[in-house]
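S.K.: Taking UniProt numbering as reference, the numbering of the sequence shown is continuous, increasing by one, and the terminal residue is 269.
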Amino acid sequence: YRSTSLSSFINFSKSDWLLDLLSEERITTHFQPIVYTSDTSKIFAHEALLRGIDEQGNLIYPGRIFAQAESAGLIFQLDVLARTRAIREAHVYDIKELLFINFSPTSVYDPATCLRRTVQAIDESGIPHSNIVFEVAESQHPPDIDHLINILRFYREAGFLIALDDFGSGSSNLNLMHQLRPDFIKLDMQLIRNVHQDYYKALITEKMLEIAAQLGIKTVAEGVETLEEFEWVRERGATLVQGYLIAKPTSPPIAVTSYIGAEPLPISA
Numbered sequence: 001y002r003s004t005s006l007s008s009f010i011n012f013s014k015s016d017w018l019l020d021l022l023s024e025e026r027i028t029t030h031f032q033p034i035v036y037t038s039d040t041s042k043i044f045a046h047e048a049l050l051r052g053i054d055e056q057g058n059l060i061y062p063g064r065i066f067a068q069a070e071s072a073g074l075i076f077q078l079d080v081l082a083r084t085r086a087i088r089e090a091h092v093y094d095i096k097e098l099l100f101i102n103f104s105p106t107s108v109y110d111p112a113t114c115l116r117r118t119v120q121a122i123d124e125s126g127i128p129h130s131n132i133v134f135e136v137a138e139s140q141h142p143p144d145i146d147h148l149i150n151i152l153r154f155y156r157e158a159g160f161l162i163a164l165d166d167f168g169s170g171s172s173n174l175n176l177m178h179q180l181r182p183d184f185i186k187l188d189m190q191l192i193r194n195v196h197q198d199y200y201k202a203l204i205t206e207k208m209l210e211i212a213a214q215l216g217i218k219t220v221a222e223g224v225e226t227l228e229e230f231e232w233v234r235e236r237g238a239t240l241v242q243g244y245l246i247a248k249p250t251s252p253p254i255a256v257t258s259y260i261g262a263e264p265l266p267i268s269a
């Protein structure tokens with residue numbers, strides 16, 4: 001116990017830059033479009049992605065921020081700030097499509113208390129609850145699955161949608177899909193990478209897409225970077241696609257995406 005406390009103290013003492021970032025709210029949101037596989041020129045949603053800003057105005061990427069917040073015990077403060085900032089910036093940019101927002105269930109000890117500011121920010125923004133999708137990754141799941149189910153029940157009862165992120169990255173995904181009943185699953189980018197060239201990946205991904213379709217769950221292929229990956233997931237029934245092939249995360253959000261497919265878009269007179 002003492003060694004754990006000492007470790008936490010040391011990590012906290014190394015977090016001056018993060019404490020300053022949080023107290024000064026030096027964060028922003030970049031948005032990455034999620035588009036239909038049937039027509040990539042139609043934006044279905046945007047995923048809100050955290051970026052920090054250092055004192056010189058340079059971007060700090062989320063991996064560094066969340067790693068430090070986790071070790072210093074500041075994940076709750078960061079998570080709340082990231083969610084509320086994403087909602088406010090989506091309102092400023094008048095995003096009409098669905099908004100995917102990440103959340104860390106380990107930072108939520110009681111949904112009604114911990115998520116109050118998030119729901120308040122959504123209500124103040126005027127964004128319909130049905131336009132908000134909260135996504136959770138397997139790597140963020142608390143050991144107590146009942147706790148996660150309780151959080152997601154709170155979201156559902158408030159009219160929000162649920163996405164299971166990084167699907168296929170862990171051994172318990174199918175069990176989680178059964179227990180959480182998500183509206184969306186987001187196929188992990190490591191599964192999608194070169195899926196057209198890897199028999200094992202292809203077979204696993206194809207079966208996941210089939211199961212999701214049979215259960216009425218929409219699927220998002222994440223991290224699509226090549227035309228070959230895109231064509232593979234489209235031909236096998238993925239509903240939606242996200243990745244650098246379509247667009248990188250930007251601020252402000254991208255308003256128009258290109259059409260990718262065998263047939264060109266008709267030119268209106």
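Glycine residues also receive a C-beta, built at the ideal position from the N, C-alpha and C atoms.
Can you give, in chain order, each stretch of the beta strand (DSSP E) that sits fully within the stretch 70-137 and has at least 3 residues?
M.R.: 98-102 and 132-137
S.K.: Compare the C-alpha of P62 against each of A72, A82, I43 and F76 and name the closest.
M.R.: In the sequence shown, the residue the question calls residue 62 occupies position 62. For the residues A72, A82, I43 and F76, the minimum Cα distance to P62 belongs to A82.
S.K.: Residues in the same chain with beta-carbon distance under 7 Å from D79, minus the five sequence neighbours each way, listed in chain order, please.
M.R.: For the purposes of this step, residue 79 is identified with residue 79 of the sequence shown, where counting begins at 1. So the qualifying residues of the chain are F103, S104 and S107.
S.K.: Tell me which residue opens and which closes the beta strand (DSSP E) that T28 is part of.
M.R.: Counted from its first residue, the sequence shown places residue 28 at position 28. Counting along the chain, the beta strand (DSSP E) containing T28 begins and ends at I27 to Y36.
S.K.: So, at 6 Å on beta carbons, what are the nonlocal neighbours of A90 in its own chain, with the 5 sequence-adjacent residues on each side left out?
M.R.: Reading the sequence shown from its first residue, position 90 is the one you call residue 90. So the list reads L99, once near-sequence residues are dropped.
S.K.: Quick one: Cα of V35 to Cα of V224, how far?
M.R.: Position 35 of the sequence shown holds residue 35. Position 224 of the sequence shown holds residue 224. So the two alpha carbons sit approximately 11 Å from each other.
S.K.: Could you check if K201 belongs to the surroundings of the ligand MN, using beta carbon to heavy atom distance under 6 Å?
M.R.: Because no ligand of any kind appears in the structure shown, any question about the ligand MN cannot be addressed here.
S.K.: Helix, strand or coil for P249? Go by DSSP, reduced to three states.
M.R.: On the sequence shown, position 249 is the one that residue 249 refers to. Coil, per DSSP.
S.K.: For the stretch 195-204 against the stretch 152-167, are there 3 or more C-beta pairs whose distance is under 8 Å?
M.R.: no
S.K.: Could you work out which residue in I95, T37 and F66 is closest to A255 when comparing CA atoms only?
M.R.: Start at 1 with the first residue of the sequence shown, and residue 255 comes out as number 255. Out of I95, T37 and F66, I95 has the C-alpha closest to the C-alpha of A255.
S.K.: Note the first and the last residue of the continuous beta strand (DSSP E) segment covering A221.
M.R.: Taking the sequence shown and counting its residues from 1, one reaches residue 221 at position 221. Unbroken beta strand (DSSP E) run through A221: K218 to A221.
S.K.: R234 and T37: beta carbons closer than 7 Å?
M.R.: Taking the sequence shown and counting its residues from 1, one reaches residue 234 at position 234. Taking the sequence shown and counting its residues from 1, one reaches residue 37 at position 37. The answer is yes: Cβ separation under 7 Å.
S.K.: So, helix, strand or coil for A47, using DSSP?
M.R.: Working through the sequence shown from its first residue, we reach residue 47 at position 47. The identity of residue 47 in the sequence shown is Glu, whereas the question assumes Ala. The three-state secondary structure of E47, taken from DSSP, is strand.
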